[in-house]
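In the working numbering, the protein residues as written are 1002 to 1311.
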Ligand code: BDR
Ligand code: CA
């Protein structure tokens, strides 16, 4: 039976590709999509989710979530994702409206009415999940796992020690990491290895359907920022796609449980996911940290999922 999941995202190029991968699979059932401010403002990330689904002729309930972090001002990533948050491909205006429910209401509805425990896949700042767990802790019992893109064991991409999603809302991340819900963290350690090389973008483009054309065009734009020689990447890293791929096939990944805490006060390290790699604290190993993946299998999974579209 397909696993019920909710995707909580801030599209964003890699969020959009993560959605496309998830929606093609029969192993998971995307019960709802919730959006959050992050890569761009809340209105833009919502609009982007609706535009991607409309382009693909897929109708799913999409609910708008937080427009700012729990306690801080919003940081966006326009330099990576552009002014709309999804620059590059031409997308139609949304063909349907957002849900009448807000993100928290939709998540509660799905989680509390599901016969099977629900897996949450957050690919943006954790603001919505933070709100949910603070206001409705009863949902915890019916959450199977939270598989998120965020953080890193080694180094940040937005400050020397913080990854973007965690940096934007460290207080929300702190709530999630302390929640005692099983959490799998797909951080930069693995996502920087999930690069798509130029010939692979062309392989995707050559599939020749609407979904593959969109993914190739998203990769073209996402690649521009990542071709900065400071990064020494050979192609854009598909951060958010790792979280969905992990839910689809965890055996493709290398992970280990560690104690991980969020720094919410550090002057230099605020937003860092502090991984007790050598177990110096003896504290509870609360987080499943993903370190590596079989990159070729990952690319094949993406291509095979794109082939399923018309
Ligand atoms: C994360 O930040 C965003 O720009 C991406 O969508 C991804 O979720 C990577 O640090
Ligand atoms: Ca994202």
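Ideal placement from N, C-alpha and C gives every residue a C-beta, glycine not left out.
Check                                                                                                                            : Outcome
Bridge-paired residues (DSSP) for residue 1033                                                                                   : 1007
Three-state secondary structure assigned by DSSP to residue 946                                                                  : Lying before the first or after the last residue shown, residue 946 is absent from the chain, which here runs from 1002 to 1311.
Contacting residues, own chain, Cβ-Cβ under 7 Å from residue 1237 (five flanking each side not counted)                          : 1196, 1197, 1220, 1223, 1224, 1227
Alpha-carbon spacing of residue 1128 relative to residue 1071, whole angstroms                                                   : 6 Å
CB contact flag (residue 1034, residue 1050, <7 Å)                                                                               : yes
Residue 956 - DSSP class collapsed to helix/strand/coil                                                                          : Given that the chain is displayed from residue 1002 to residue 1311, the structure contains no residue 956 and the question cannot be resolved.
Burial state of residue 1094, where buried means 16 or more other Cβ atoms lie within 10 Å                                       : exposed
Boundaries (first-last residue) of the alpha helix (DSSP H) holding residue 1076                                                 : Where residue 1076 is concerned, there is no enclosing alpha helix (DSSP H), given that its DSSP letter is neither H nor E.
Length of the line joining the Cα atoms of residue 1091 and residue 1216                                                         : 12 Å
Residue 1097, DSSP secondary structure in three states                                                                           : coil
Same chain, Cβ closer than 8 Å to residue 1307, five either side skipped, listed in chain order                                  : 1021, 1025, 1205, 1208, 1210, 1212, 1213, 1216
Alpha helix (DSSP H) segment containing residue 1171, residue limits                                                             : 1171-1178
Cut-off 8 Å between Cβ atoms - residues of its own chain near residue 1293, not counting five sequence neighbours on either side : 1190, 1191, 1194, 1254, 1255
heavy atom of ligand 1 below 6 Å from residue 1172 C-beta                                                                        : no
Pairwise C-alpha distance: residue 1002 and residue 1248                                                                         : 14 Å
Cβ-Cβ distance between residue 1038 and residue 1031 below 7 Å                                                                   : no
Cβ pair count under 8 Å reaching 3, the segment 1136-1150 against the segment 1267-1280                                          : no
Residue of 1309, 1262, 1166 minimising C-alpha distance to residue 1013                                                          : 1166
Sequence-distant residues of the same chain with beta carbon closer than 7 Å to residue 1285, five excluded per side             : 1260
Straight-line gap, residue 1305 to residue 1251 (C-alpha atoms, nearest Å)                                                       : 17 Å
Between the CA atoms of residue 1283 and residue 1233 - distance to the nearest angstrom                                         : 36 Å
For residue 1067, three-class secondary structure by DSSP                                                                        : coil
For residue 1288: DSSP bridge partner residues                                                                                   : 1184, 1259
Where residue 1228 sits in the DSSP three-state scheme                                                                           : coil
Buried/exposed call for residue 1040, threshold 16 Cβ in 10 Å                                                                    : buried
Any non-hydrogen atom of ligand 2 closer than 6 Å to residue 1280 Cβ                                                             : no
Any non-hydrogen atom of ligand 1 within 6 Å of residue 1015 CB                                                                  : yes
heavy atom of ligand 1 below 6 Å from residue 1184 C-beta                                                                        : no
Top-ranked residue by Cα proximity to residue 1121, from 1004, 1015, 1168                                                        : 1004
N-terminal and C-terminal residue of the beta strand (DSSP E) that residue 1140 is part of                                       : First-last for residue 1140: undefined, no H or E at that position.
Contact test: residue 1125 Cβ vs ligand 2 heavy atom, cutoff 6 Å                                                                 : yes
DSSP state of residue 1280 mapped onto helix, strand, coil                                                                       : coil
Alpha-carbon to alpha-carbon, residue 1136 and residue 1100                                                                      : 20 Å
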